[in-house]
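Working notes for the structure below.
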Amino acid sequence: MSDSNEEYEEDIILADLSDEELVEQMFDDLYDGLKEEIEEGTNILLSRGWSAEKVLNEALVAGMTIVGIDFRDGILFVPEVLMAANAMKGGMAILKPLLAETGAKPVGTMVIGTVKGDIHDIGKNLVGMMLEGAGFEVFDIGINSSVEDFFAAMEKHKPDVLGMSALLTTTMPYMKVVIDEMVNKGIRDDYIVLVGGAPLNEEFGEYVGADRYCRDSAEAAAVAVAMVTERRQSSA
Amino acid sequence: MSERKRRSRAGGRRKKIAAREQGTRKYRPYIERNIPYFEILNEEGLALIEKNADILLEEIGVEFRDFPKALDLFKNAGADIDGERVHFPPGFCRQIIQSNAPSEYTQHARNPANNVIIGGRRTVLVPAYGSPFVRDLDKGRRYATIEDFRNFVKLAYMSPNLHHSGGTICEPVDVPVNKRHFDMIYSHIKYSDKPFMGSVTHPERAEDTVSMAKLVFGETFLEENTVLTSLINANSPLTFDDTMLGAATVYAEHNQATMISPFILAGAMSPVTIAGTVTQILAEALAGMAYIQLVKPGAPVIFGTFASAVSMQSGAPTFGTPEPGHVMTIVGALARRLGVPFRSGGGLCASKVPDAQAAYESANTLQASALAGVNFMLHTAGWLEGGLSMGYEKFIMDADQAGMLAVMLQGVDLSENAQAMDAFREIGPGGHFLGAAHTQANFESAFYRSELADNNSFEQWEEEGSFDCAMRANLKWKEMLKEYEAPKLDPAIDEALLEFIAKRKSEFEDRDY
Ligand code: B12
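Line by line, the protein sequences give chains A and B. If you read the first sequence in our numbering, its first letter stands for residue 1, the second for the next number, and so on. If you read the second sequence in our numbering, its first letter stands for residue 237, the second for the next number, and so on.
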């Protein structure tokens, strides 16, 4: 009977699995958005002597890569990705202090907000979700964010990436106001700046002086990961 | 009578061509509906939604953010205030709206022949609103400019199937953000004499709109009559913000109309079900309209909604699907029960180009809106790409559909002439009706004639260039713009407007946000 099959699946004892089997199982559990199971799996791997960095990359990030691919390809739906990202966050919360101890960096950090005058945030939230899913720590400063708000958040969180979202032609030029101010303060090059929102295009991204315009959340995650990795390599 | 008429001289070719160019249908400033409303919920269903909306309003409440004036007004009227959250006793909003808001109103145009009545059994068809991009077959997709804006005002003015000049038909991105409202309002006044909508992106811009309208209509006339109808979106779920409330307040204080519109991408901004979504829409609209009635009892308000569902796969808005159609139908019934005019619908689609997807998605929403009993149909013509792009060809295609809606809503003529009994008596069994006296007397206005659809033979179509619909529409809009002649505007008013704009523009710096 299929029922008993399902029950059997729920009965998996994570601790009894080999490392390889456990990682495979964690891929599935991430895919299914099971936060507690991911937390348990993370702890088991750590107790077996895995470094935090190894757990992050080989279990969590690798698992979320599969989620990202299936989201992009339309197999997974937004609410499912949300649950997966949430499960990932559960694992990240355990790893974060350990990563800090060893000086290893998380995949990346990002401050994201919708610019002043603008309250559209559905797209921004999706971008935050996808980046969290990709292992980023995301500080979302919400809607209607002024230059001061962005600067305060950058000061506080020292992110790798600054993300700005705008959905109105009347608010998107404000991105330039923020970036110009970063240039004035001499901090522009300390950050990777990504911009997005439906009424933008690549040309506009260049005009405001961003590093990249991204058309959607899947692209935002891929670009953020790639750019942070590249930057770390070139500065190493 | 018709016998004799047929035999009399009609003026030959020259007269006929002139008459045909005039069109067979007389311009009507709005549609008068003569068919029943399409309704899908019975009394029990509608009452359930109303009850649930009342529960939402009381238990969860609605936030009025950064706008203490609203909190004060609601408090004085007897609602419960908790921070910025307003909790409404059952029936509170309904009672305020029903005892104050008009069930219909006239929006005056600068040409009185174009005045529209909004509400009751009427439908007013209005161009699309808000796109940052425009698109045409020649130049593709690009940011809109003030020239595009003027072009669309002209096309709407010339289209006999559109009754309104609209508002932010497209965003003139080449004009500074804090000054473009002047140029937009001026374009509506100068290049059209149909009614139009006001700026809502800042209370000050609403004030400027009112000032400009006063120059056209006169100060006392404006305070006593409605000459502007403007779009106020709720920030769903269950929130209104200071920008929108500020603009709405300005208009209401001057007795101008606002459409309070929960603009819902179901699944993201409301629950994923139809019943949940309409409950939220009703609660939000009730709260917003009650606020307007507290600002100025009797100021016209429209119960608006924009219904779309997000793709659960990507979060992107989708259009022309059945569920938002149902939402619209139910909200129409709720608005009629409340006794206020209803705004929704339009030629909505997600397609990027005027292709088959655009056509069927738009046809789905246009028909559903007409059947649902929409009174003010924003976004009737031009909408592409979920509102990101205003299409020249799409505009022409939708305007053609708009003409069909008018005929559909007019219903069925049952007059003696329409019963056509004479025709049967004349032709009898066999034979054909093309030459019948009844046909001769009625053929010209008998069927809707699309100016866009091609129903010629394959060979003729091929000989004429094998044009698809978008290509024919492309020729049409260019021809219309070439033939455009501006309606007369009193030079003194024009001068006063230009002077006002020059003065106001000089009072503050250009700003791009
Ligand atoms: C939903 C919506 C609303 C909702 C917003 C709800 C919310 N909580 O966000 C409400 C109803 C509140 C609203 C209000 C208004 N809106 Co609005 N709205 C939309 C709509 C239909 C969809 C936006 C959306 O959520 N899309 C879905 C998400 C998933 O897509 P997205 O936002 O593009 O995000 C994706 C990418 O762009 C990218 N991305 C986004 N941000 C970022 C950031 C970074 C860093 C990166 C890398 C990538 C990235 O990734 C995302 C995920 O894939 C658009 C039209 C459209 N088709 O886009 C109009 C639209 C943007 N709105 C418009 C307008 C005019 C308004 C109002 C002014 C209307 C009014 N008169 O009341 C107000 C303004 C309020 C304000 N002060 O901001 C216009 C803008 C035109 C213009 N002037 O530029 C549009 C184009 C519609 C139209 N034709 O009128 N709106």
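Even for Gly, the Cβ is constructed at its ideal location relative to N, Cα and C. Given the structure is predicted, the values throughout are model-derived calculations rather than measurements.
8 Å Cβ cutoff met for residue i and residue j
i	j	result
B:Leu451	B:Leu688	no
A:Asn144	A:Ile119	yes
B:Gly583	B:Thr554	no
B:His400	B:Leu361	yes
A:Ala152	A:Leu98	no
B:Ala483	B:Ser472	no
B:Phe476	B:Arg301	yes
B:Tyr684	B:Met640	yes
A:Val107	A:Ala134	yes
B:Phe385	B:Arg378	no
B:Leu522	B:Cys705	no
B:Gln529	B:Ile253	no
B:Ile538	B:Phe612	yes
B:Gly524	B:Arg572	no
B:Ala594	B:Ser605	no
A:Glu173	B:Val436	Note that residue 173 of chain A is Pro in the sequence shown, not Glu. For A:Pro173 and B:Val436, no; Cβs fall outside 8 Å.
B:Val405	B:Ala364	The amino acid at residue 405 of chain B is misidentified as Val; the sequence shows Ile. Yes; because the gap between Cβ atoms is below 8 Å, this pair is in contact.
B:Gln334	B:Leu518	no
B:Ala543	B:Ser580	yes
B:Glu680	B:Ala672	no
Short CB-CB distance (under 8 Å) between residue i and chain B
i	result
A:Ala198	yes
A:Val78	yes
A:Pro173	yes
A:Thr102	no
A:Ile229	Ile is not the amino acid found at residue 229 of chain A; the sequence shown has Thr there. Taking Cβ atoms only, chain B never reaches closer than 8 Å to A:Thr229, which makes this a no.
Interface flag, residue i vs chain A, CB-CB below 8 Å
i	result
B:Ala504	yes
B:Glu597	no
B:Pro533	no
B:Asn491	no
B:Val589	no
B:Pro507	no
B:Val409	yes
B:Pro368	yes
B:Leu602	no
B:Leu530	no
B:Asp372	no
B:Leu293	no
B:Leu501	yes
B:Leu624	yes
B:Asp477	yes
B:Asp746	no
Residue i versus residue j: straight-line alpha-carbon distance, rounded
i	j	result
A:Glu21	A:Ala93	23 Å
B:Arg250	B:Gln676	20 Å
B:Glu621	B:Pro590	10 Å
B:Ile285	A:Lys105	52 Å
A:Leu45	A:Met88	15 Å
B:Glu383	B:Pro408	8 Å
A:Met1	B:Tyr596	Residue confidence for A:Met1 is low, a pLDDT of 40 falling below 50, so the modelled location carries little weight and cannot support an answer.
A:Leu60	A:Ala222	16 Å
B:Thr541	B:Phe388	24 Å
A:Asp3	A:Ile12	Only weak support is given to the placement of A:Asp3: the predicted model assigns it a pLDDT of 48, under 50, and the question is left unresolved by the model.
B:Glu294	B:Pro325	5 Å
A:Asp70	A:Met110	23 Å
B:Ile729	B:Ala635	30 Å
A:Asp216	A:Glu132	15 Å
B:Met548	A:Pro79	7 Å
A:Pro199	A:Lys124	13 Å
B:Leu398	B:Arg256	20 Å
Minimum Cβ-Cβ distance from residue i to chain D less than 8 Å
i	result
A:Thr42	In the displayed structure, chain D is absent; the protein chains listed are A and B.
(message) So if I threshold CB-CB distances at 9 Å, which residues from the segment 109–137 of chain A count as touching chain B?
(response) Taking 9 Å as the Cβ-Cβ cut-off against chain B, the residues of the segment 109–137 of chain A that qualify are Val115, Lys116, Gly117, Ile119, Ile122, Gly123, Asn125 and Leu126.
(request) Report the residues of the segment 548–560 of chain B with a CB closer than 8 Å to any CB of chain A, ordered along the chain. (result) Identification of residues in the segment 548–560 of chain B having a C-beta nearer than 8 Å to some C-beta of chain A yields Met548, Gln549, Ser550 and Gly551, given in sequence order.
(request) Identify each residue in the segment 418–444 of chain B for which the Cβ-Cβ distance to at least one residue of chain A is less than 8 Å, and report them in chain order. (result) The residues in question are Thr437.
(request) Taking only beta carbons into account, state which residues of the segment 64–75 of chain A come closer than 7 Å to chain B, listed in chain order. (result) Listed in chain order, the positions of the segment 64–75 of chain A with a beta carbon within less than 7 Å of a beta carbon of chain B are Gly74.
(request) Jot down the residue ranges of each uninterrupted alpha helix (DSSP H) in the segment 466–554 of chain B, minimum 4 residues, whole runs only, in chain order. (result) DSSP runs (the alpha helix (DSSP H)) wholly in the segment 466–554 of chain B: 478–489 and 510–531.
(message) I'd like the ranges of any alpha helix (DSSP H) spanning at least 4 consecutive residues and lying wholly in the segment 361–402 of chain B.
(response) You should have 382–394.
(request) Residues of the segment 656–686 of chain B with a CB closer than 9 Å to any CB of chain A: list them in chain order, please. (result) Against chain A - using a Cβ distance shorter than 9 Å - the segment 656–686 of chain B contributes no residues.
(request) Run through the segment 617–679 of chain B for me and flag every whole alpha helix (DSSP H) of 4 or more residues, listed as ranges in chain order. (result) For the segment 617–679 of chain B, whole alpha helix (DSSP H) runs of length 4 or above, ordered along the chain, are 628–646, 652–655, 657–663 and 673–678.
(message) Using a Cβ-Cβ cutoff of 7 Å, what residues of the segment 340–364 of chain B are near chain A? List them in chain order.
(response) Closer than 7 Å at the C-beta level to chain A, one finds no residue of the segment 340–364 of chain B.
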